[in-house]
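Take the sequence shown: its letters are residues 1278 to 1482, numbered as in this note's numbering.
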Amino acid sequence: MSREPRDRHDQILAVAAGQFARKGIAATTVREIADEVGILSGSLYHHFDSKEAMVDEILAPYLKDLREACTSALSGPADPRARLRDLVVASLQVADAHPHATEIYQSDANYLSQFERFGYLTSTASDVRKAWLDVISDGVSQGLFRSDLDPGIVYRLMRDAIWLSVRWFRPTGQYPVARFAEDCTSLFLDGLAVTSRAPAALTTL
């Protein structure tokens, strides 16, 4: 039995994901996707009933993995620093596995909110946000994280730094995702400045 129909389906989806990530969903036409695949626009509709159906197939697995990764991270050690690191690692791993979906979600979530079929975007975003805020709040209450910063702002800054890294970060054997996660966590928790040292003792003459 030929696998061509499913292969074509996956090819269209891969091309669409790249187009949506680069240009945005609204600016990408079905004809552009079909042209890049090398088929007529009408033939594309044998695989997907609409452009939104393609977006749905791209985003649903990504958000499922993201939600499950956050749940898994929170099931680990109770220490807020360890949990925050696990959230960073989980988020980066999911972004690395779904780079186009990550960028599409970041760029076009508001646009997609007008479509009823994408109602799950809001619930997933709420669950992920709650996971991060719970960890940050636990760290504050235990005296491990600063209490003078708004947890919501901290979360947004960390989230965007992590998820938008798909635009430029490319893991290598020398610098894998795990090391990138460690560096991100270190920057978030400890900052860039070198820890101040006690002044050297004066030498008496």
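Each residue gets a CB set at the ideal place from its N, CA and C atoms; glycine is no exception.
Residue i and residue j closer than 8 Å at C-beta
{"i": "Ala1346", "j": "Ala1367", "result": "yes"}
{"i": "Leu1340", "j": "Thr1401", "result": "yes"}
{"i": "Phe1392", "j": "Glu1329", "result": "yes"}
{"i": "Val1307", "j": "Leu1290", "result": "no"}
{"i": "Leu1361", "j": "Gly1450", "result": "no"}
{"i": "Ile1310", "j": "Ala1337", "result": "no"}
{"i": "Ala1458", "j": "Leu1369", "result": "yes"}
{"i": "Asp1520", "j": "Gly1295", "result": "Outside the shown range of the chain (1278 to 1482) lies residue 1520, about which nothing can therefore be said."}
For residue i, the three-state DSSP class (helix, strand or coil)
{"i": "Ala1374", "result": "helix"}
{"i": "Leu1482", "result": "Because the pLDDT of Leu1482 is 41, which lies under 50, any placement of that residue in the model is unreliable, and the number read from its coordinates should be weighed accordingly. Reduced to three states, the DSSP call for Leu1482 is coil."}
{"i": "Gln1288", "result": "helix"}
{"i": "Ala1470", "result": "coil"}
{"i": "Asp1356", "result": "coil"}
{"i": "Ser1390", "result": "coil"}
{"i": "Ile1302", "result": "coil"}
{"i": "Phe1297", "result": "helix"}
{"i": "Phe1325", "result": "coil"}
{"i": "Arg1283", "result": "helix"}
Candidates the options: closest to residue i by CA position
{"i": "Ile1381", "options": "Met1331, Leu1364, Arg1360, Ile1289", "result": "Met1331"}
{"i": "Leu1421", "options": "Leu1364, Arg1433, Arg1358", "result": "Arg1358"}
{"i": "Asp1284", "options": "Val1314, Ala1355, Ser1384", "result": "Val1314"}
{"i": "Ala1350", "options": "Ala1337, Val1371, Tyr1452", "result": "Val1371"}
{"i": "Ile1439", "options": "Asp1363, Gly1450, Gly1396", "result": "Asp1363"}
{"i": "Ala1355", "options": "Arg1436, Asp1411, Tyr1452", "result": "Asp1411"}
{"i": "Ala1374", "options": "Leu1464, Ser1384, Glu1459, Val1454", "result": "Val1454"}
Span of the alpha helix (DSSP H) around residue i
{"i": "Glu1329", "result": "1328-1351"}
{"i": "Gly1319", "result": "1318-1321"}
{"i": "Asp1312", "result": "1307-1314"}
The ligand FMN heavy atom lying under 7 Å from the CB of residue i
{"i": "Arg1344", "result": "With respect to the ligand FMN, the structure shown offers nothing to examine, as it has no ligands at all."}
Minimum Cβ-Cβ distance from residue i to chain C less than 8 Å
{"i": "Lys1407", "result": "Of the protein chains in the structure, only one exists, and it is not chain C."}
Runs of alpha helix (DSSP H) lying entirely within the region 1413-1468, each at least 4 residues, in chain order: 1428-1440, 1454-1467
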